[in-house]
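Residue numbers (our numbering): 1 to 542. One structure is given here, and the rest of the page talks about it.
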């Protein structure tokens, strides 16, 4: 029995249990009473609608389930950002589905709601997969209109994307299943086809109260913008549905007729399971983020047949590079090695740190994967680039810049998994959110920050202590310890994977055993979009 393995396993399974509890909580949306109210109106919830629409026995993944967690407390919160987004299959065709959650402020749009909708559209546009909108929303959340209305990445960008996707030939289908008002009315009508549910749905630029106030006309909402009005008089909508299920069945029938797509041609063979036990990941991954471990032990439990063809195995060893398959798909893996390395020159290198030789190797490998049209998978557990006079004189900035250049200009799809640390420029070089991974997920063990919590808290505590001393206050060891503890607690909250997920810095926090599914479905989505841009690194520092 390996006591350390068992301690790690207990810790990581506890983190997983906490994740499952959080997910169970957000799946209730605005709560049981509001769900019951929807049902009494003859309507399904957002999650029920998506579950009915997607093929029952097929895999699916949820984007941004934890979006909005801990945000907008003064406004009653915004579980899942008030909108549910899933990638799944309708009649065997991979699609992304976006459904307003009417149990959360009547489906009103908070700032984070707009960000999540834009992320869903970004996924559809990058991968050229059909997008389905299930609309049930009261529109912009007016108390926060200044944070959602006027800027480039705000509410209006949604409709711009509708138009762009239409010109790109990406299928968009909308079902109006409740309220659809003001500017939000453009989203379903800018889709290729729009379905409206009779009696429970309506769409108009201004509701009956605003019409009365503006022009003095007295009219009810059903006559103003109900299914009969828009299917039989205005021609705004294309199909009238008798209820939610009928509307969803119509979407299934439309999707079923969509023709095949041009493929990018990524290499795939029959999937093979790992020969090593995936469950052992929980025991291998250390409890503390500072502990060392062999990243190859993780990789061999993620890839088909536990087979990995290492590239430049003996050189630049703090980054692992090589070829493998995940669920049959050929991938190039770039991963941070977390154990201490001794080079052939006798130099000791810290695990999780990017040195000049490892950055050089990663750059070359990324270029090779682009040359061979092989998707890239980044496994992050990185504390940053090596510092100090020796590294600076050796050109670490130049070598790091080469790696960042290669990641930035890569044209093959990239997928990022944050396993442990994701600090500073290491996050960037290992394809953090700013570098357009098609999907980016974190394990419950992840930490994201500009630097580690202890180091950052020490620096900030020193600055705070100096400021207090400058004001004439006495700062003894006890006071310094109090300052450190206070700052460390605040910083630890910010490095949590939940803090990142709530703000959509990652697409999800996942069980490590779901990693293969996320990467496989991500590559399948990417295969819808042939590579159109040539790989070009531009000017490289040598």
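C-beta atoms are modelled at their ideal positions from N, C-alpha and C, and glycine is treated no differently.
Beta-carbon proximity list for residue 225, same chain, < 6 Å, skipping 5 on both sides: 202, 203 and 204
Bounding residues of the beta strand (DSSP E) (the contiguous stretch that carries residue 133): 131 to 137
Spatially closest choice to residue 194 from 241, 220 and 156, by CA coordinates: 241
Going by C-alpha to C-alpha distance, which of 490, 284, 56 and 431 sits closest to residue 89? 56
Assuming contact is defined by CB atoms lying nearer than 7 Å, are residue 374 and residue 330 in contact in what I supplied? yes
Could you check how far apart the C-beta atoms of residue 141 and residue 98 are, in whole angstroms? I think they sit under 8 Å. No, residue 141 and residue 98 are not in contact; Cβ-Cβ is about 17 Å, not under 8 Å.
Within its chain, find whatever has a CB closer than 7 Å to the CB of residue 439; leave out the 5 residues flanking it on each side and keep chain order. 415, 507, 518 and 522
Where residue 5 sits in the DSSP three-state scheme: helix
Taking the alpha-carbon of residue 454 as reference, which of 152, 365, 478 and 488 has the nearest alpha-carbon? 488
If you measure between the beta carbons of residue 190 and residue 155, is that distance less than 7 Å? no
When 339, 265, 306 and 256 are compared against residue 276, the one with the closest alpha-carbon: 306
Residue 252 (DSSP reduced to helix, strand or coil): helix
Out of 70, 129, 257 and 435, which one is the CA nearest neighbour of residue 112? 70
So what does DSSP say about residue 369, is it helix, strand or coil? helix
Should residue 214 go down as buried or exposed, given a rule of 16 or more other Cβ atoms within 10 Å for buried? exposed
From 473, 446, 480 and 442, pick the residue whose C-alpha is nearest to that of residue 460; which is it? 480
Measuring CA to CA, which of 380, 217 and 344 is closest to residue 354? 380
Quick one: what does DSSP say residue 539 is sitting in, helix, strand or coil? coil
Under the DSSP definition of a beta bridge, which residues are partnered with residue 322? 310 and 333
In or out: residue 39 buried (at least 16 other Cβ within 10 Å) or exposed? exposed
Considering only the beta carbon of each residue, do residue 171 and residue 258 sit closer than 7 Å? yes
Considering only the beta carbon of each residue, do residue 333 and residue 377 sit closer than 7 Å? yes
Check each candidate in 402, 286 and 532 and name the one with the smallest Cα separation from residue 3. 286
Thinking just about the alpha-carbon of each residue, which of 273, 294 and 245 is nearest to the one in residue 51? 245
Sequence-distant residues of the same chain with beta carbon closer than 7 Å to residue 58, five excluded per side: 88 and 89
Looking at the secondary structure, which residues open and close the beta strand (DSSP E) in which residue 429 lies? It is not in any beta strand (DSSP E) - residue 429 instead sits in the alpha helix (DSSP H) that spans 424 to 429.
Within 10 angstroms of its Cβ, does residue 151 collect 16 or more other Cβ (buried), or is it exposed? exposed
Pick out whichever of 499, 399 and 541 has its Cα sitting closest to the Cα of residue 67. 499
Complete beta strand (DSSP E) runs within the stretch 80 to 106 (minimum length 3 residues, chain order): 83 to 90 and 93 to 100
Would you mind working out which of 118, 167 and 123 sits nearest residue 148, comparing C-alpha positions? 118
Is residue 296 helix, strand or coil by DSSP? helix
Near residue 280, which residues of its chain fall below 7 Å by C-beta distance, leaving aside the five closest residues on each side in sequence? 301
Same chain, Cβ closer than 8 Å to residue 304, five either side skipped, listed in chain order: 271, 272, 273, 274, 324, 325, 326, 327 and 328
Using CA coordinates, which residue listed in 346, 365 and 18 is at the minimum distance from residue 310? 365
C-beta contact flag for residue 451 and residue 424 at 7 Å: yes
Around the C-beta of residue 493, are 16 or more other C-beta atoms found within 10 angstroms, so that it is buried, or is it exposed? exposed
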